[in-house]
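These protein sequence lines are chains A and B, in that order.
The numbers in the UniProt record's numbering rise by one with no breaks, and the one at position 194 of the first sequence is 194.
The numbers in the UniProt record's numbering rise by one with no breaks, and the one at position 139 of the second sequence is 139.
The structure under discussion appears below in the form of structure tokens.
There are 2 protein chains.
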Amino acid sequence: MAVVGEEVSNKQVVLKDYVPGFPKESDLEVRTITIRLKIPEGSKAVLVKNLYLSCDPYLSMRMQKPEPDRPSFVEPYKLGSPIIGFGVAKVLDSGHPNFKKGDLVWGTTEWEEYSLITSPEDLFKIEHTDVPLSYYTGILGMPGLTAYVGFHHICSPRKGDRVFVSAASGAVGQLVGQFAKLMDCYVVGSAGSKEKVDLLLTKFGFDEAFNYKEEQDLNMALKRYFPEGIDIYFENVGGKMLDSVLLNMRIHGQISVCGMISQYALEQPEGVHNLLCILVKRIHMEGFIVLDHFDQYPKFLDTVLPLIREGKITYVEDIAEGLESASAALSGIFAGRNIGKQVVVVSRE
Amino acid sequence: MAVVGEEVSNKQVVLKDYVPGFPKESDLEVRTITIRLKIPEGSKAVLVKNLYLSCDPYLSMRMQKPEPDRPSFVEPYKLGSPIIGFGVAKVLDSGHPNFKKGDLVWGTTEWEEYSLITSPEDLFKIEHTDVPLSYYTGILGMPGLTAYVGFHHICSPRKGDRVFVSAASGAVGQLVGQFAKLMDCYVVGSAGSKEKVDLLLTKFGFDEAFNYKEEQDLNMALKRYFPEGIDIYFENVGGKMLDSVLLNMRIHGQISVCGMISQYALEQPEGVHNLLCILVKRIHMEGFIVLDHFDQYPKFLDTVLPLIREGKITYVEDIAEGLESASAALSGIFAGRNIGKQVVVVSRE
Numbered sequence: 001m002a003v004v005g006e007e008v009s010n011k012q013v014v015l016k017d018y019v020p021g022f023p024k025e026s027d028l029e030v031r032t033i034t035i036r037l038k039i040p041e042g043s044k045a046v047l048v049k050n051l052y053l054s055c056d057p058y059l060s061m062r063m064q065k066p067e068p069d070r071p072s073f074v075e076p077y078k079l080g081s082p083i084i085g086f087g088v089a090k091v092l093d094s095g096h097p098n099f100k101k102g103d104l105v106w107g108t109t110e111w112e113e114y115s116l117i118t119s120p121e122d123l124f125k126i127e128h129t130d131v132p133l134s135y136y137t138g139i140l141g142m143p144g145l146t147a148y149v150g151f152h153h154i155c156s157p158r159k160g161d162r163v164f165v166s167a168a169s170g171a172v173g174q175l176v177g178q179f180a181k182l183m184d185c186y187v188v189g190s191a192g193s194k195e196k197v198d199l200l201l202t203k204f205g206f207d208e209a210f211n212y213k214e215e216q217d218l219n220m221a222l223k224r225y226f227p228e229g230i231d232i233y234f235e236n237v238g239g240k241m242l243d244s245v246l247l248n249m250r251i252h253g254q255i256s257v258c259g260m261i262s263q264y265a266l267e268q269p270e271g272v273h274n275l276l277c278i279l280v281k282r283i284h285m286e287g288f289i290v291l292d293h294f295d296q297y298p299k300f301l302d303t304v305l306p307l308i309r310e311g312k313i314t315y316v317e318d319i320a321e322g323l324e325s326a327s328a329a330l331s332g333i334f335a336g337r338n339i340g341k342q343v344v345v346v347s348r349e
Numbered sequence: 001m002a003v004v005g006e007e008v009s010n011k012q013v014v015l016k017d018y019v020p021g022f023p024k025e026s027d028l029e030v031r032t033i034t035i036r037l038k039i040p041e042g043s044k045a046v047l048v049k050n051l052y053l054s055c056d057p058y059l060s061m062r063m064q065k066p067e068p069d070r071p072s073f074v075e076p077y078k079l080g081s082p083i084i085g086f087g088v089a090k091v092l093d094s095g096h097p098n099f100k101k102g103d104l105v106w107g108t109t110e111w112e113e114y115s116l117i118t119s120p121e122d123l124f125k126i127e128h129t130d131v132p133l134s135y136y137t138g139i140l141g142m143p144g145l146t147a148y149v150g151f152h153h154i155c156s157p158r159k160g161d162r163v164f165v166s167a168a169s170g171a172v173g174q175l176v177g178q179f180a181k182l183m184d185c186y187v188v189g190s191a192g193s194k195e196k197v198d199l200l201l202t203k204f205g206f207d208e209a210f211n212y213k214e215e216q217d218l219n220m221a222l223k224r225y226f227p228e229g230i231d232i233y234f235e236n237v238g239g240k241m242l243d244s245v246l247l248n249m250r251i252h253g254q255i256s257v258c259g260m261i262s263q264y265a266l267e268q269p270e271g272v273h274n275l276l277c278i279l280v281k282r283i284h285m286e287g288f289i290v291l292d293h294f295d296q297y298p299k300f301l302d303t304v305l306p307l308i309r310e311g312k313i314t315y316v317e318d319i320a321e322g323l324e325s326a327s328a329a330l331s332g333i334f335a336g337r338n339i340g341k342q343v344v345v346v347s348r349e
């Protein structure tokens with residue numbers, strides 16, 4: 001039991017050097033320092049004990065050396081410091097009027113046992129604990145809001161729309177598919193293994209699903225599942241998949257660009273050849289980043305919490321235990337090793 | 001003077017065979033048939049004398065052999081028949097209640113002296129003749145509405161926005177630039193010759209303009225003119241220009257996709273590599289086709305006619321005389337030979 005004011009050891013996950021492509025397990029190391037469990041005198045910071053950390057694809061962008069013309073929306077990590085991401089934590093000490101000892105919060109924290117958070121105003125207080133706390137790294141956290149905003153705000157879905165989701169078993173994709181099914185859409189997902197495809201069909205209620213690694217020709221695969229074309233594409237992967245999707249979009253189709261994970265680690269991104277379809281088919285393609293949409297969080301929570309409680313929506317997590325397993329867990333999402341949302345448990349309370 | 005009921009000779013411009021790339025002068029031929037200047041008994045057609053024909057980039061799509069996965073929004077032409085496009089014409093005989101002999105109209109007609117138009121309900125009656133009649137092939141016709149819809153409806157321009165227009169001296173581009181200047185935007189255009197660049201600067205009031213053929217590196221050229229990035233890109237060319245623009249877009253920038261002329265004639269379109277910018281910069285990119293927006297025409301006319309009369313907006317045409325010059329004029333727009341909107345005069349009255 002952590003005692004406020006005590007000096008304790010603090011395990012951290014630290015980036016050793018910038019990574020040219022996707023991170024490997026050896027790119028991060030665990031080290032132990034000490035920390036005093038108390039906020040500095042007069043500060044408005046909060047000191048938290050981290051419980052769950054979120055493994056997200058965009059973290060790879062922060063591990064790359066910044067290049068002038070490499071587009072990124074996040075700052076590179078500081079070498080030798082713990083990496084930063086979303087997580088669930090418990091407040092141990094607070095100088096901020098909004099938070100008190102014992103509060104549960106989610107938001108930006110560091111990959112370590114205890115963190116001093118100097119901008120606590122960006123944290124969300126967790127009010128509903130009848131659902132698993134780890135959900136606030138996923139369905140009730142950043143990925144959940146991402147799926148909600150990207151499907152319902154960037155697109156304008158209508159009942160019966162033909163919806164395609166790539167990386168469909170991931171933290172965001174599994175929710176997009178379920179949101180679309182709740183709107184009586186026809187929903188097809190792609191994923192990278194038989195196990196994931198089975199999950200889409202049996203657990204998340206997708207109408208159809210396929211393993212993109214087993215398709216000789218993605219264009220043909222999409223024609224098989226969408227003989228009349230795609231109304232909405234929820235884009236998580238980019239590259240060749242996007243190129244094939246463009247050929248199969250319907251007139252006035254919509255593409256919500258949430259991620260392009262196939263491109264993040266490439267020195268020179270792949271060329272996409274079928275952009276003339278954007279003109280010919282009058283496609284609306286729009287990129288979004290959830291950070292711009294956090295004002296939607298309360299409304300999102302009001303929508304999704306009842307759906308979870310009534311069992312109308314489900315969520316699959318892949319749980320790694322302990323900070324020692326964090327680097328393997330994080331590098332695993334870029335190799336497609338996770339099944340569902342990848343979470344690292346630092347501590348369960 | 002054409003007399004109704006008379007049988008007269010009718011010169012036509014006919015497509016000889018489908019064209020693999022852009023049309024050359026020799027791909028079209030002029031032939032002469034005869035036509036009776038009278039609508040069939042009981043028909044609701046109109047018979048018109050064509051005055052001005054519009055040379056538009058999209059016509060090249062109709063000259064290509066249709067391929068299953070080549071995106072197109074128009075039907076291929078019928079070989080051996082006159083080609084079809086927008087034009088200005090005078091009604092000689094009418095079975096339609098909306099039109100009577102002597103009316104001036106603009107809309108879809110054929111490249112010949114006289115045409116029987118069987119869907120006259122799609123024609124627009126020309127009510128204002130204090131401006132050059134040929135303007136209804138350009139600033140007051142399809143290209144004008146294209147510029148208006150593409151800039152004001154597909155984008156949401158704000159005062160002071162940094163606007164880039166490619167193919168800026170063309171039928172659409174010259175208007176987009178002027179619409180943007182009327183909104184106090186900073187406007188830069190690219191074109192393919194010194195003469196066109198001069199026109200942008202001296203005639204259309206662009207803030208800056210450059211000859212893309214003289215730039216070693218389009219990315220660097222754009223950085224020179226947009227050190228703080230581009231808010232709105234009006235896309236007419238596609239390919240390498242689009243790729244460089246993506247690198248220079250600002251966060252929440254908008255791309256209105258009106259054309260991609262550099263790609264129309266390619267067997268395999270060029271790859272565009274910087275689409276990750278759509279995500280990272282939260283770009284809204286949308287294709288549009290003016291055919292979907294003809295309901296805006298009356299409002300457009302009310303907006304633009306006064307601007308022409310007050311001299312607040314100007315328009316440059318490149319006039320070719322006679323159907324014999326039509327093929328050279330049309331193929332010329334793909335070689336960039338025209339300065340301003342390319343029009344073919346069939347007859348001046």
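Every residue gets a Cβ at the ideal spot worked out from N, C-alpha and C, and that includes glycine.
Predicted model only: the values in this text are computed from it and were never measured.
* CA-CA distance, A/V88 and A/G141? -> Going by the C-alpha atoms only, they are around 9 Å apart.
* To do: For the beta strand (DSSP E) holding A/K90, just list the boundary residues, first then last.
  => That run of the beta strand (DSSP E) goes I84 to S94.
* **Distance between B/A320 and B/L59 (C-alpha atoms, nearest Å)** => Roughly 17 Å separates the two Cα atoms.
* Enclosing alpha helix (DSSP H) for A/L242 [first to last residue] -> Segment G239 to N248, the alpha helix (DSSP H) holding A/L242.
* Three-state class that DSSP yields for B/M260 in the structure shown -> Assignment of B/M260 by DSSP, reduced to helix, strand and coil, places it in the coil class.
* Tell me B/W106's beta-bridge partners as DSSP assigns them. => Partner(s): B/V88 and B/F124.
* To do: Report yes or no: do the region 272–288 of chain B and the region 278–292 of chain A share at least 3 C-beta pairs separated by less than 8 Å?
  => Three or more Cβ pairs drawn from the region 272–288 of chain B and the region 278–292 of chain A lie within less than 8 Å of each other, which places the two stretches in contact.
* Answer with buried or exposed for A/A147, where buried requires no fewer than 16 other C-beta atoms within 10 angstroms of its C-beta. => By the neighbour-count rule (16 or more Cβ atoms within 10 Å), A/A147 is buried.
* **Any C-beta of chain B under 7 Å from that of A/I278** => At least one CB atom of chain B sits nearer than 7 Å to the CB of A/I278.
* To do: From the DSSP output, read off the bridge partner residues of A/V30.
  => Paired residues: A/V13.
* What distance in whole Å lies between the Cβ atoms of A/P269 and B/L276, which are believed to be in contact at a cut-off of 8 Å? -> Rounded, the Cβ-Cβ distance is 6 Å, consistent with contact.
* Asked: What runs of the beta strand (DSSP E), each 3 residues or longer, lie entirely inside the region 127–207 of chain B?
  -> The region 127–207 of chain B contains these whole beta strand (DSSP E) runs: 162–165 and 186–191.
* **Assumed close pair B/I255, B/D161 - CB separation to whole angstroms, cut-off 8 Å** => Not quite, the Cβ-Cβ distance comes to about 13 Å (not below 8 Å), so this is no contact.
* Where B/V14 and B/I83 are concerned, what is the direct C-alpha to C-alpha distance, given to the nearest angstrom? -> A straight line joining the alpha-carbon of B/V14 with that of B/I83 spans about 6 Å.
* Determine the chain A residues that contact B/D69 at a beta-carbon separation under 9 Å, and present them in chain order. => Within chain A, the residues near B/D69 are N219, L247 and N274.
* To do: Report yes or no: do three or more beta-carbon pairs, one from the region 45–58 of chain B and one from the region 197–204 of chain A, lie closer than 8 Å?
  => The region 45–58 of chain B makes no contact with the region 197–204 of chain A, as fewer than three CB pairs between them are under 8 Å.
* Answer with buried or exposed for B/R348, where buried requires no fewer than 16 other C-beta atoms within 10 angstroms of its C-beta. => B/R348 should be labelled exposed.
* To do: Just the chain A side, please: which residues come within less than 8 Å of B/P269 by C-beta, in chain order?
  => Ordered by position in chain A, the residues that pass the 8 Å Cβ test against B/P269 are H273, N274, L275 and L276.
* Can you list, in chain order, the residues of its chain whose CB lies under 8 Å from that of A/Y315, leaving out five sequence neighbours each side? -> Around A/Y315, the same chain offers Y135, G138, I139, Q174, L175, I308, G340 and K341 as residues with beta carbons nearer than 8 Å, after the five sequence neighbours per side are excluded.
* To do: Please confirm if A/E286 has its CB atom under 7 Å from at least one CB of chain B.
  => So yes, A/E286 belongs to the interface.
* To do: Can you say whether B/A168 is buried or exposed, counting buried as having 16 or more other CB atoms within 10 angstroms of its CB?
  => Burial call: buried.
* **Contacts around A/Y297, its chain only, beta-carbon distance under 7 Å, and the 5 residues preceding and following it disregarded** => Within the same chain, A/Y297 has close Cβ partners F124 and L145.
* In the DSSP assignment, what are the bridge partners of B/D318? -> Beta-bridge pairing by DSSP links B/D318 to B/Q342.
* Asked: Cα separation between B/D318 and B/N338?
  -> B/D318 and B/N338: Cα-Cα distance of roughly 6 Å.
* Taking only beta-carbon atoms, is B/R282 less than 7 Å away from chain A? -> So, interface residue.
* **Span of the beta strand (DSSP E) around A/Y297** => Per DSSP, A/Y297 belongs to no beta strand (DSSP E); it is in the alpha helix (DSSP H), Y297 to R309.
* **Neighbouring residues, chain B, relative to A/I289 (Cβ below 7 Å)** => Those are R282, listed as they occur along chain B.
* Asked: If you measure from the beta carbon of A/V257 to each beta carbon in chain C, is any gap under 7 Å?
  -> The structure shown contains no chain C; its protein chains are A and B.
* Applying the criterion that 16 or more other CB atoms from any shown protein chain within 10 Å of the CB defines a buried residue, is B/V3 buried or exposed? -> Exposed, by the Cβ-count rule.
* Cβ of B/F294 within 7 Å of any chain A Cβ -> Residue-level contact by beta carbon fails for B/F294 and chain A, as no gap is shorter than 7 Å.
* Asked: Name the chain B residues that come within less than 8 Å of A/M260, Cβ to Cβ?
  -> Residues of chain B passing the Cβ test: L275, L276 and L279.
* To do: Using only alpha-carbon positions, find the residue among B/N10, B/Q64, B/K38 and B/A45 that is nearest to B/E267.
  => Nearest C-alpha to B/E267: B/Q64.
* Asked: Can you tell me the Cα-Cα spacing of A/Y18 and A/A265, whole angstroms?
  -> When rounded, the distance between both Cα atoms is 12 Å.
* Asked: In the DSSP assignment, what are the bridge partners of B/Y114?
  -> Looking at the DSSP assignment, B/Y114 forms a beta bridge with B/K49.
* Would a check of beta-carbon distances place A/S166 closer than 7 Å to chain B? -> A/S166 does not count as touching chain B.
* Exposed or buried, which one is residue 362 of chain A when buried takes at least 16 other CB atoms within 10 Å? -> Nothing can be reported for residue 362 of chain A, as the shown portion of chain A is limited to 1 through 349.
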